[in-house]
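Numbering (UniProt numbering), first residue to last: 1 to 130.
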């Protein structure tokens, strides 16, 4: 029946596992008021994973740059917006000890909302000297 669910806190689930060392799951369900199926599900999860709560599946590889590293890059760009990605890479290596490729830095900045400006090569020497 939909709507019959209720949240069971992690300490309560851990208590179910502790109780299972002395009682059967049907007895635990009767004493706690938690359904027999839920008790069995928590005990099975504890046996198979060692934890009483499900950890959501994270698809893909973890990011190489964490939020602190990305914030460091943003700070560098705010101070000196005309840095090349290779310079960002060098500063990140020196300050944070994180060695990543230029592509990783570029994608991290793109994910954070930064865009790249195109430099036009249509200028003359007079434009530079003015």
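Every residue gets a Cβ at the ideal spot worked out from N, C-alpha and C, and that includes glycine. As the structure is a prediction and not an experimental result, all values here were calculated from the model.
Neighbourhood of residue i by C-beta, 8 Å cutoff - its chain only, sequence neighbours within 5 removed
i: residue 52; result: 10, 13, 14, 16, 17, 42, 45, 46
i: residue 28; result: 16, 19, 20, 34, 39
i: residue 64; result: 98, 100, 104
Sub-8 Å separation of residue i and residue j beta-carbons
i: residue 76; j: residue 68; result: no
i: residue 70; j: residue 104; result: no
i: residue 101; j: residue 93; result: no
i: residue 95; j: residue 114; result: no
i: residue 36; j: residue 25; result: yes
i: residue 85; j: residue 106; result: yes
Opening and closing residue of the alpha helix (DSSP H) in which residue i lies
i: residue 30; result: 25 to 32
i: residue 86; result: 85 to 96
i: residue 35; result: Where residue 35 is concerned, there is no enclosing alpha helix (DSSP H), given that its DSSP letter is neither H nor E.
i: residue 69; result: 67 to 79
Same chain, Cβ closer than 6 Å to residue i, five either side skipped, listed in chain order
i: residue 97; result: none
Beta-carbon contacts of residue i that lie in its chain and below 7 Å, excluding the five residues immediately before and after
i: residue 112; result: 70, 74
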